[in-house]
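A.B. asks:
Number of protein chains: 2
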Amino acid sequence: MQIVADNLTITSTSIANAVQQRDPGPIMDLVRRCEAAGAGMIDINSGPLTRAPAETMAFLVESVQKATSLPLLLDTSNPVAMEAGLMTCRSKAIINGFSLEPDKLTNILPLARRFNTRIIGYLLYPDSNVPTSGTERLTVALELYARFVEAELAPEQLIIDPVVPPLIWPNGHSQAMDVVQVIRTLPDLLDFRVTSIAGISNLTSGPGDAPRKPVFEQCYVAMLAEAGLDMALMNVTHAGTMTAVQACNTLTGTKIFSWI
Amino acid sequence: MQIVADNLTITSTSIANAVQQRDPGPIMDLVRRCEAAGAGMIDINSGPLTRAPAETMAFLVESVQKATSLPLLLDTSNPVAMEAGLMTCRSKAIINGFSLEPDKLTNILPLARRFNTRIIGYLLYPDSNVPTSGTERLTVALELYARFVEAELAPEQLIIDPVVPPLIWPNGHSQAMDVVQVIRTLPDLLDFRVTSIAGISNLTSGPGDAPRKPVFEQCYVAMLAEAGLDMALMNVTHAGTMTAVQACNTLTGTKIFSWI
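Listed in order, the protein sequences are those of chains A and B.
For the first sequence, the working numbering begins at 33 and goes up steadily by one.
For the second sequence, the working numbering begins at 33 and goes up steadily by one.
1) Which whole-angstrom value is the C-beta distance of V93(B) and I76(B), which I expect to be below 8 Å?
2) Could you check which residue in A254(A), D107(A), P246(A) and H270(A) has the C-alpha nearest to that of M33(A)?
3) Determine the chain B residues that contact T227(A) at a beta-carbon separation under 7 Å, and present them in chain order.
4) Among P103(A), P58(A), I42(A) and T82(A), which has the Cα closest to the Cα of M263(A)?
5) Going straight from the alpha carbon of K245(A) to that of T120(A), what length do you get?
6) Going by other Cβ atoms of all chains shown within 10 Å of its Cβ, with 16 needed for buried, is E182(B) buried or exposed?
7) Check the Cβ-Cβ distances between F248(A) and every residue of chain B, and say whether any is below 7 Å.
8) For A48(B), I'd like the list of residues in its chain whose CB is within less than 8 Å of its CB, leaving aside the five on either flank, ordered along the chain.
9) Counting only Cβ-Cβ distances shorter than 8 Å, please list the residues of the region 259-271 of chain B near chain A, keeping chain order.
10) I'd like the span of the beta strand (DSSP E) that includes Q34(A), first residue to last.
11) Considering only their Cβ atoms, is the gap separating R150(B) from I126(B) smaller than 7 Å?
12) Short check: CB of V112(B) to CB of M73(B), under 7 Å?
13) Assess, as a yes-or-no matter, whether the region 223-242 of chain A is touched by the region 220-237 of chain B under the definition of 3 or more beta carbon pairs within less than 8 Å.
14) Which chain A residues sit within Cβ distance under 8 Å of G166(B)?
15) Quick check: the Cα distance between T100(A) and V195(A), rounded to an integer number of angstroms?
16) Under a three-way DSSP split, which group does Y157(B) fall into?
17) Less than 7 Å separating the beta-carbons of T318(A) and E249(A)?
18) For T269(B), name the three-state secondary structure that DSSP assigns.
19) Tell me whether the beta-carbon of I215(A) lies closer than 7 Å to the beta-carbon of G285(A).
20) By the DSSP assignment, the alpha helix (DSSP H) with T227(B) in it spans what residues?
21) Is the CB of M33(A) under 7 Å away from at least one CB in chain B?
22) How should I292(B) be labelled, buried or exposed, when 16 other C-beta atoms within 10 angstroms of its C-beta is the threshold for buried?
23) If you measure from the beta carbon of I292(A) to each beta carbon in chain B, is any gap under 7 Å?
24) If we cut at 7 Å on Cβ distances, does G153(A) have a partner in chain B?
25) With a threshold of 7 Å between beta carbons, is G70(A) in contact with chain B?
26) My guess is that N110(A) and L81(A) are in contact by the Cβ rule of under 8 Å, so how many angstroms apart are they, rounded?
27) Is M274(A) close to chain B? Criterion is C-beta to C-beta, closer than 7 Å.
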């Protein structure tokens, strides 16, 4: 299981200010801290970028690349920003992402073919709603894959995100367990070893008992690891969850983490 | 997932001394601490008891019953001690346990019918060796269940322990993952919702990096919980693992553990 940092986001005040002032310093500092904490990839969440999308995403990518050579994920719904980011990346970035939402199919998905990159597909309905059961998620996965194939992409370019629900949702617990089963089932369903990613921070987002949030995060990441999750998008400053991922990688044989 | 304390064992010096001096105090203290820590059942591990087996097991059971009304597991290979324990228990105890080992089939298994109790069956070969793969464990489970049915016991009396391997074994990691899959598969294999138990402390027994042992234990218990494990036999003084079990019970819907 690879660790993708979700820490670099424009919703953070310090990052928003750095972007506004075109100051790469705070971005570089954050990225260095993420890499030191054990991140294997960096997700650049620029938001929709309604103003100056191309310049802003290019600035973000350039700033990150001054601090690290880790692979990048470009996380925006704005196709202009996405294209600028893909052109600015020194190595191939992952597009994060598309779904059955019509604007994503029309404007984001084709970029994966044009730039020959991997792309994350979210299991969401065309109206952006989240499927409420495992069966619904798998049905959406089949439809998503059909659209992906129609876009003339190769199976190994697809990364599926089943959408981890917050536990505060009314049926959050049962949906969270559905997601584990979806991760386990996807390779059989699509008949190839499809790569999977999950946003671990989603699980405990919103109000909740702060001391217990890490416990839920750690237990859940272990369940996902056993189910075969490939990429954990997470807050890499959560030391307990990072250690849990390393232990899971040892247990599942993905990676050696010293035991004795 | 129910929590069974594995803390009461005659291999502990204080318990061995208490037994020798017929002093119920230390036993009662330990049991009270286990119950306060969240144990839902108490395993009484008396060892084989070569001297005075009936009197000693009766003393242990009486001492425990002075401190708690929690359900008990009687953990001995000595049929005389087992019988004495079963007769001394106020409520029905669980026999821990039998396997394909000939002396267990001959001397322990029939006690479950005689006392109409539940009994734990270990997935071990007749020569006491541990199966080395998931497939081997499932093959043993089929044979074990056949012997169990021959003994005229009802399916709901059976509790299967797939034998958690220590990670220090040469193939410990892969066997540990096999055990998760065995827990998941057993109900389909035997065609009824068979109850399962796993000895969590086994995973990190022996030498190892002390600070990392709890992380492995917590991740592993989460994987087992997701696979459907019913009973975790564990050291209930491991606070982190206890909290993990509670979080897993919330996630899997077994039990409500306050989230907000």
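Ideal Cβ positions, reconstructed from N, Cα and C, are used throughout, including at glycine.
No experiment lies behind these values; they were computed from the predicted model shown.
C.D. replies: A quick look at the data gives this:
1) 7 Å
2) A254(A)
3) Chain B residues near T227(A): none, gap ~20 Å exceeds 7 Å.
4) P103(A)
5) 37 Å
6) exposed
7) yes
8) I42
9) A259
10) Q34 to A37
11) yes
12) no
13) no
14) Going along chain A, no residue has its Cβ under 8 Å from G166(B), so there is no contact; the nearest lies around 13 Å.
15) 28 Å
16) coil
17) One cannot answer for residue 318(A) here, as it falls past the ends of chain A, which runs 33 to 292.
18) coil
19) no
20) Careful: T227(B) lies outside any alpha helix (DSSP H), inside the beta strand (DSSP E) at T227 to G231.
21) no
22) Any answer about I292(B) is weak, because its pLDDT of 42 lies below 50 and its placement is not dependable; what the coordinates show is given next. It is exposed - the Cβ of I292(B) has fewer than 16 other Cβ atoms within 10 Å.
23) Unreliable positioning characterises I292(A) in this predicted model, as indicated by a pLDDT of 42, which lies under 50. A coordinate reading is not provided.
24) no
25) no
26) 5 Å
27) no
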